[in-house]
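Enquirer: Read left to right, the sequence shown gives residues 10 to 319 (the working numbering). C-beta: ideal position from N, C-alpha, C; glycine also. The following block contains the structure, expressed as structure tokens.
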Amino acid sequence: MSEQKPAFVHQPFQGIATFGHQPYCPDPAEADVMILGVPFDGTVSGRSGTRLGPRAIRDQSLCLWGYNNALQVAPFEQLRVVDGGDVEVIPPDVVRTHNNVQTAAERVLDAGCMLITLGGEHSISLPLLRAHAAKHGPLAMIQFDAHPDLWDEEYPGLKFSHGTPFRRALEEGLIDPTAFVQIGIRGPTGGPQDYEDVRQSGALMFTADEIDKRGIDGILRGARQRIGDRPVYVTFDIDVADPAYAPGTGTPEVGGFTSRELLRLVRGLRGLNFTGFDLVEVSPAYDSSGITALLGANLVFEFLSLLAVR
Ligand SMILES: [Mn+2]
Numbered sequence: 010m011s012e013q014k015p016a017f018v019h020q021p022f023q024g025i026a027t028f029g030h031q032p033y034c035p036d037p038a039e040a041d042v043m044i045l046g047v048p049f050d051g052t053v054s055g056r057s058g059t060r061l062g063p064r065a066i067r068d069q070s071l072c073l074w075g076y077n078n079a080l081q082v083a084p085f086e087q088l089r090v091v092d093g094g095d096v097e098v099i100p101p102d103v104v105r106t107h108n109n110v111q112t113a114a115e116r117v118l119d120a121g122c123m124l125i126t127l128g129g130e131h132s133i134s135l136p137l138l139r140a141h142a143a144k145h146g147p148l149a150m151i152q153f154d155a156h157p158d159l160w161d162e163e164y165p166g167l168k169f170s171h172g173t174p175f176r177r178a179l180e181e182g183l184i185d186p187t188a189f190v191q192i193g194i195r196g197p198t199g200g201p202q203d204y205e206d207v208r209q210s211g212a213l214m215f216t217a218d219e220i221d222k223r224g225i226d227g228i229l230r231g232a233r234q235r236i237g238d239r240p241v242y243v244t245f246d247i248d249v250a251d252p253a254y255a256p257g258t259g260t261p262e263v264g265g266f267t268s269r270e271l272l273r274l275v276r277g278l279r280g281l282n283f284t285g286f287d288l289v290e291v292s293p294a295y296d297s298s299g300i301t302a303l304l305g306a307n308l309v310f311e312f313l314s315l316l317a318v319r
């Protein structure tokens, strides 16, 4: 018999709060996957505070460990995962902050390392998409979100904010509109035009209500059909979850998904040709018992598992 491994003692609250207790390492050449934080909330229109998101997610990630029984993989054993720290942000300057995010992301991708980014607000997906599209070409994208984030302008004359990233991404040719899927959209909008804009963008939109009509498997079937084997970026706004499961976010909308539904939706993406992930809009000041950040940390564990099972 081979020598038995020593019993693993899981001590969540010992040591420095890197993501999932993985080593801090700013060099992507040393890793398969890097976790980066972007503590930026300079453009939010509702409740601010997502700059504290990466830290809260890291805190809650300390309990993550071991084997993912649903996907049958141990991501931290299968992959060299490192925490690369945070991107430098300039709170009042969205353009310079976006440039820093893009530069940091390109550095990771150029080294052949996968990137999972913790926000921060949703505007940061734009520079992340720029970096990923520079490597892979126009991307398929799955957006988990209560809001389409496709506005032209949220504030008159300002093109970059957390309600506009995917309009800009479409204009810049970063997303292939024929392989763009939104899941979980709901809540009041400015008028019927907002949903009409989504349809005209080419996106396949699954509103939150469609889980009752199509079920989780129906949504997954539709999404997978749209995406095929194209390189796909996944952006996950925590407000896709119901506020009962994720109160700690800037723009909560009632009638959202449960944690269990979200885990099934994410796990159901198994086998897609992933290029990168982000998880945004966790705002700890409105959280209760850290449950929003805990859900965020667990979703990142699922993203890692999806990368590990490929
Ligand atoms: Mn969003």
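1. Based on Cα-Cα distance, which residue from G94, G128, Y76 lies nearest to L88?
2. Would you say I66 and A306 are within 8 Å of each other, going by their C-beta atoms?
3. With a threshold of 16 other CB atoms inside 10 Å of the CB of L167, please say whether the residue is buried or exposed.
4. Please report the distance separating the alpha-carbon of L320 from that of F153.
5. Which of the three DSSP states is assigned to Y295 in this structure?
6. Runs of 3 residues minimum, wholly inside the segment 21-63: which ones carry the beta strand (DSSP E) assignment?
7. With distances taken from CA atoms, which of V104, H145, V82, A114 is nearest D95?
8. Is it buried or exposed for E130, if we count other Cβ within 10 angstroms and need 16 for buried?
9. Checking the sheet assignment: what are the DSSP bridge partners for I99?
10. For the beta strand (DSSP E) that contains L127, what are its first and last residues?
11. In angstroms with no decimal places, state the Cα-to-Cα distance between L135 and A232.
12. Does DSSP put D251 in a helix, in a strand, or in coil?
13. In angstroms with no decimal places, state the Cα-to-Cα distance between V263 and A38.
14. Please report the distance separating the alpha-carbon of G193 from that of G265.
15. Check whether the Cβ of D50 lies closer than 7 Å to any heavy atom of ligand 1, and answer yes or no.
16. Mind checking whether the beta-carbon of H131 lies closer than 7 Å to any heavy atom of ligand 1?
17. Is any heavy atom of ligand 1 found at a distance shorter than 7 Å from the C-beta of E290?
18. Decide if the segment 240-259 is in contact with the segment 284-304; the criterion is three or more beta carbon pairs, one per stretch, under 8 Å apart.
19. Between which two residues does the alpha helix (DSSP H) containing T301 stretch?
Expert: On the basis of the coordinates in this document:
1. Ranking G94, G128, Y76 by Cα distance to L88 puts Y76 first.
2. Yes. Within cutoff.
3. Exposed, by the Cβ-count rule.
4. Since the first residue of the chain shown is 10 and the last is 319, residue 320 is not available in this structure.
5. Reduced to three states, the DSSP call for Y295 is helix.
6. Complete beta strand (DSSP E) runs here, min 3: 42-47.
7. Put simply, of V104, H145, V82, A114 the residue whose alpha carbon is nearest the alpha carbon of D95 is A114.
8. With 16 or more other Cβ atoms within 10 Å, it is buried.
9. Its beta-bridge partners do not exist; DSSP assigns none.
10. Residue range 123-128 is occupied by the beta strand (DSSP E) that includes L127.
11. Across the structure, L135 and A232 are spaced so that their CA atoms are roughly 21 Å apart.
12. Looking at D251 - three-state DSSP - the assignment turns out to be coil, as it is neither helix nor strand.
13. Cα to Cα, V263 sits roughly 42 Å from A38.
14. G265 has its alpha-carbon roughly 7 Å from the corresponding atom of G193.
15. Taking 7 Å as the cut-off, the C-beta of D50 does not count as close to any heavy atom of ligand 1.
16. H131: yes, Cβ under 7 Å from ligand 1.
17. In this structure, E290 has its beta carbon less than 7 Å from a heavy atom of ligand 1.
18. Three or more beta-carbon pairs separated by less than 8 Å link the segment 240-259 to the segment 284-304, which places the two stretches in contact.
19. Annotation: the continuous alpha helix (DSSP H) that includes T301 extends over 300-317.
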